[in-house]
Amino acid sequence: MRYFEDLTPSTGAREPRAWLRSSRPRICLNGRWRFKLRDSAPDGVPEIGPDWGELEVPGHWVLQGHDRPRYTNTAFPFPIDPPYAPDANPTGDHVRSFDLPGDWPADGAVLRFEGVDSCFKVWVNGVEAGTAKGSRLPSEFTVGHLLRPGRNRLAVRVHQWSSGSYLEDQDMWWLPGIFRDVTLLARPLIDDVFVHASYDHVTGAGTLRVDTAPDAVVRVPELGVVAEPGAPVTIGAVEPWSAELPRLYDATVEVPGETVELRIGFRTVRMVDGLFTANGQPLFFRGVNRHEHDERRGRAMTVDAMREDLVLMKQHNVNAVRTAHYPPHPAFLDLCDELGLWVIDECDIETHGFIYTDWRGNPADDPDWAPMMLDRMRRMVERDKNHPSVVIWSLANESHRGRNFGELAAWTRQRDPERALFYERDRTYEFSDFYSLMYPPLEDLEAIGTRTEDVPEETAEHPSLEARRRALPFVLAEYGHAMGNGPGGLADYQRILERYPRLQGGFLWEWIDHGLLLPGATDHVYGGDFGEQLHGMNFCIDGLLFPDRTPSPGLTEYKKVIEPVRFTGPDPLVVHNYRTFTSLDDLTFLWTVEEDGVEVAAGNLTIPPVPPGQSTQVATPSRATAGPPTSEQVLTVRAVLAKDEAWATAGHEVAWAQFVLEQPAVEPAPVAAAVVDRGEDLTLGGGEFDRRTGRLTRLFGQAVDGPVLDLWRAPTDNDNGQGGRNGVTQEWRAAGLDRLLHRVQAVEVMESGLVVRARVAPEGLGVGVRTMYHWTADADALRLTVDVQPEGEWGGTAVTPRCGSWPRVGVRMTLPRELENVQWYGGGPGEAYADSREAARVGRYECTVDELQTPYVVPQENGSRIDIRWAELTDAQGNGLRVTGAPHFQLTARRWTAEDLERARHRSDLTPREHVYLNLDLAQNGLGSASCGPPATSPHTLEVAPYTFTLVFRRAEA
Ligand code: GAL
3 MRYFEDLTPS
13 TGAREPRAWL
23 RSSRPRICLN
33 GRWRFKLRDS
43 APDGVPEIGP
53 DWGELEVPGH
63 WVLQGHDRPR
73 YTNTAFPFPI
83 DPPYAPDANP
93 TGDHVRSFDL
103 PGDWPADGAV
113 LRFEGVDSCF
123 KVWVNGVEAG
133 TAKGSRLPSE
143 FTVGHLLRPG
153 RNRLAVRVHQ
163 WSSGSYLEDQ
173 DMWWLPGIFR
183 DVTLLARPLI
193 DDVFVHASYD
203 HVTGAGTLRV
213 DTAPDAVVRV
223 PELGVVAEPG
233 APVTIGAVEP
243 WSAELPRLYD
253 ATVEVPGETV
263 ELRIGFRTVR
273 MVDGLFTANG
283 QPLFFRGVNR
293 HEHDERRGRA
303 MTVDAMREDL
313 VLMKQHNVNA
323 VRTAHYPPHP
333 AFLDLCDELG
343 LWVIDECDIE
353 THGFIYTDWR
363 GNPADDPDWA
373 PMMLDRMRRM
383 VERDKNHPSV
393 VIWSLANESH
403 RGRNFGELAA
413 WTRQRDPERA
423 LFYERDRTYE
433 FSDFYSLMYP
443 PLEDLEAIGT
453 RTEDVPEETA
463 EHPSLEARRR
473 ALPFVLAEYG
483 HAMGNGPGGL
493 ADYQRILERY
503 PRLQGGFLWE
513 WIDHGLLLPG
523 ATDHVYGGDF
533 GEQLHGMNFC
543 IDGLLFPDRT
553 PSPGLTEYKK
563 VIEPVRFTGP
573 DPLVVHNYRT
583 FTSLDDLTFL
593 WTVEEDGVEV
603 AAGNLTIPPV
613 PPGQSTQVAT
623 PSRATAGPPT
633 SEQVLTVRAV
643 LAKDEAWATA
653 GHEVAWAQFV
663 LEQPAVEPAP
673 VAAAVVDRGE
683 DLTLGGGEFD
693 RRTGRLTRLF
703 GQAVDGPVLD
713 LWRAPTDNDN
723 GQGGRNGVTQ
733 EWRAAGLDRL
743 LHRVQAVEVM
753 ESGLVVRARV
763 APEGLGVGVR
773 TMYHWTADAD
783 ALRLTVDVQP
793 EGEWGGTAVT
803 PRCGSWPRVG
813 VRMTLPRELE
823 NVQWYGGGPG
833 EAYADSREAA
843 RVGRYECTVD
853 ELQTPYVVPQ
863 ENGSRIDIRW
873 AELTDAQGNG
883 LRVTGAPHFQ
893 LTARRWTAED
903 LERARHRSDL
913 TPREHVYLNL
923 DLAQNGLGSA
933 SCGPPATSPH
943 TLEVAPYTFT
953 LVFRRAEA
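The opening position of the sequence shown corresponds to residue 3 in our numbering, with each subsequent residue numbered one higher.
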């Protein structure tokens, strides 16, 4: 059997060990390599020929113009024929030379690969040094005997498919190549280091034991520690490490000829009474699942991008990362230690595609595969064991049940009893210290919180396993599917997660969209863009960051929902510290009072010390007004960083809240002006109407069309649900909401104004909406009340399903393209929807129509602003319209129609039209998370029901 298909994890590789910063000489072998791609695995040593090109290492050849990247979700892009690879097995030969300096130590060398996808063989000066599998794990080969003074030649043959691929079916692009660093190291004299640094939260003492070379000396200068390997040293008082206060101590391990530098964090994690604790306190994860992704480099991440990820996480109140679904680049964990994040480090194992054989042949349950799996676990644990940030080892993702996990767990518990284990997909949880699920509905989460969840089938016959499972703490491995516009419902999840101690938080799916920008392209590609038959569409475009790392509205919402400081009020105004370990001393508290969005008073709040988990009451700032309120008065309180931190500068906002202190009296209805009948058209106040259609044609001098009832929106990924199931789009289409026609029944001139009656109904069906537009006016305002009455079989017929919700209820109108400047008073600055609105704060905002758009990789409904009191759309001279709600409305404005948005597959498919399309909504349906999870829940769904809403139009004030 060929080495890339057998079940040997590696040949010639050294024992796994910790990733260390050593003083021994090293040569970085990253850079330009010679490269040749072959469509199947050749024999023999790679020899550079005239048809060879060049390639950047680390990198993926499919992102550098050779072959194409491939995205499938769960399916293997080759037959399920383990352990074999198809004959068509793209194979990249990589060759480079390097010079060994004259002073290179003569006592040997190690060649280290941090990650090669998926299997490779390496030659040094034409002699084979070894082979390895395990894409996201390091491999080292002893090569000193193969080196020569001066020029040396290194050749690496990388096979895209191998037996290892059956263990690497994560939901992400298939990206072959040498995608992490390659280094030549002088043979280490300190081969391995295992730091055990614990913290006693009762006494404040730290204990340090470093297992390493017997003749080494361990030093922690700041603590005055000089210790022998293997001997525990107790330090009377240390500052512990936590994600909130990531205190690290510099240390060295030294033997003659080598110094290894370490950064030590003292912390103790332990299960106590069914809860996962660190330093004596139960932890609560406000987490994200993070894949390694860069829009141009794929998984060949730069350290700058890793730091950017972590800085963004910290700035958005995230305190934990699950390294979905493989160990990250080792530098990432250094940064987690430094910046402060709790980490679930996940092994590079996922056999998801065996779902298509009903799990027949699943490697996880086949003892022949145990060595390959255990090898992966060992390589992760050994590499990452010295990071205080890593508190949990995850055995795998989505690989069903399997006895091999027993072996992985047993080995890990013996090797590292100081951390917890995690595995979500074995429903007995027999090898996991946590109970966990993905994407449960709220009711299920609530049941888990109260330990009243149903007994899983897998433990029904095993009382002791079931008792063990039920006693476990719960962590939500994945939820809130951030695909396209969404997720919705985060605040609802958070409320439940925070209510029950058993629920120790969760990890949102997922950190970043996996959109790839191929050389020369402007649109991000996703599955299906190359005409592949088998692909996972845009299912990997489901991140809180856009592919270029700009935060999406979902991340802004998450930041608000997981704030570590909360305010309740306004009277009494209470500040709550939701942190686990630290007070609020690092924060400054500010307040402002605004009247109709204009600041009228501001100051600092003086807060007494608030220990973690505690609250304090403070005096409510206010500005007294005499007489009945004439404007809306809003108090905003904010907690900002008092000084610079490693991840943000002083003034960075951590938390905020708003309270409406006073509301103005409701605006009286305008005195009716009379309708003037001019034959073809009618005028009323500032409006001119088409006599026949009852539609506005001019409004305060602007050429307009509409407003007409609109119930449709360009479906979001979450509207569509997963694979066409579980979504509302299907229901909406079945009810014809995407093909509504208007029939004007009457245009009636009344004493009270103008009444237009219409029936809005879909082709082919009997359902409809009786709509009445009632216009009244006075000298400067034109007021529209829309009354909406559903009629017909919305509950379904023998051949049509029930339609339980509408995408939106509002009106659509067309404006001149010049009205492109938008100002509003209401929720902002970003988009918001019924179940994703926590981050919208009341204020005055302005931007252009183009800036209102949220650039989802796959175009879909976006950009809606919520709770708008008034909005103006004006041209460059300030002429235009003002719309006022009664009291509020929702607004979207764009240069294309909802239908254009719906048809577009990529952003470049959207071409501006000649108008601005304005939607003024009473409401839209919530977003939900049905692209993988539950749809919008009932308080956020827009039911099929009668509605009435009012809008007032005026000339812009500017
Ligand atoms: C989970 C899986 C993830 C991802 C997600 C949906 O089941 O663990 O890798 O596929 O669903 O995006």
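Even for Gly, the Cβ is constructed at its ideal location relative to N, Cα and C.
Residue side-chain check: Glu-480 places its Cβ nearer than 8 angstroms to a non-hydrogen atom of the ligand GAL. As DSSP reads the structure, Cys-934 sits in no beta bridge. In this structure, Asp-347 has its beta carbon at no less than 8 angstroms from each heavy atom of the ligand GAL. Excluding its 5 nearest sequence neighbours in each direction, Glu-340 has C-beta neighbours in its own chain below 8 angstroms: Pro-248, Leu-250, Arg-265 and Ala-648, listed in chain order.
Judged by the Cβ position, Phe-424 fails to qualify as a neighbour of the ligand GAL at the 8 angstroms threshold, every heavy atom of the ligand being at least this far. Set against 8 angstroms, the gap from the CB of Ala-449 to the closest heavy atom of the ligand GAL is not smaller.
For the pair Arg-269 and Tyr-168, the CB atoms are not nearer than the 9 angstroms cut-off. Spanning the alpha carbons of Phe-541 and Ser-933 requires a straight line of approximately 8 angstroms. Counting the other CB atoms within 10 Å of its CB gives Asp-923 a total of 16 or more, which places it among the buried residues. Burial state of Tyr-358 is exposed, judged by a 10 Å Cβ sphere holding fewer than 16 other Cβ atoms. Judged by DSSP in its simplified three-state form, Tyr-328 adopts coil rather than helix or strand.
Assignment of Gly-166 by DSSP, reduced to helix, strand and coil, places it in the helix class.
In terms of CA proximity to Gln-747, Met-774 leads the group Trp-734, Gly-768, Met-774 and Gly-726. Proximity to Glu-246 across Met-315, Pro-71, Lys-135 and Leu-698 peaks at Met-315, based on C-alpha coordinates.
Look at Ser-24 here: in three-state DSSP terms it is strand.
Bounds of any beta strand (DSSP E) do not take in Tyr-495; it lies within the alpha helix (DSSP H) bounded by 492-501. Comparing alpha carbon positions, the residue from Phe-509, Leu-519 and Val-749 closest to Leu-546 is Phe-509.
Looking only at Leu-505, Arg-26, Gly-653 and His-161, the smallest Cα-Cα distance to Leu-39 is reached by His-161.
Between Phe-591 and Ile-609, the CB-CB gap stays under 9 angstroms. Sorting Trp-344, Ser-585 and Arg-26 by C-alpha distance to the C-alpha of Thr-279 places Trp-344 at the top.
According to the DSSP secondary-structure assignment, Tyr-201 is paired through a beta bridge with Gly-208.
Restricting attention to Asp-531, Gly-887, Pro-818 and Arg-814, the CA atom closest to the CA of Thr-899 is found in Arg-814.
The C-alpha of Arg-421 is placed about 28 angstroms away from the C-alpha of Asp-183. Unbroken beta strand (DSSP E) runs of no fewer than 3 residues, entirely contained in the segment 578-614, are found at 589-597 and 600-607, following chain order. Non-local C-beta neighbours of Arg-155 in its own chain, meaning closer than 6 angstroms and more than five positions away in sequence, comprise Ser-99 and Asn-127, ordered along the chain. The alpha-carbon of Met-374 is positioned some 15 angstroms away from that of Thr-414. Per the coordinates, the alpha-carbon of Ser-866 lies some 17 angstroms from the alpha-carbon of Val-859. Taking the CA atoms as reference points, Val-158 sits about 39 angstroms from His-483.
Sequence-distant Cβ neighbours of Gln-665 in its own chain, meaning closer than 7 angstroms and more than five residues away, are Pro-631 and Glu-634. Pairing Gly-486 with Gln-66 gives a Cβ-Cβ distance that is not under 9 angstroms. By the Cβ neighbour-count rule, Asn-927 is buried, with 16 or more other Cβ atoms within 10 Å of its own. Thr-850: member of the beta strand (DSSP E) spanning 843-850, first to last residue. Cys-30 sits exposed, since fewer than 16 C-beta atoms from the chains shown fall within 10 Å of its C-beta.
Between the ligand GAL and Gln-660, a heavy atom-to-CB distance of less than 8 angstroms is absent.
Distance from the C-beta of Asn-722 to the nearest heavy atom of the ligand GAL is not below 8 angstroms.
At a threshold of 8 angstroms, Asp-173 counts as near the ligand GAL, since its beta carbon sits closer than that to one of the ligand's heavy atoms.
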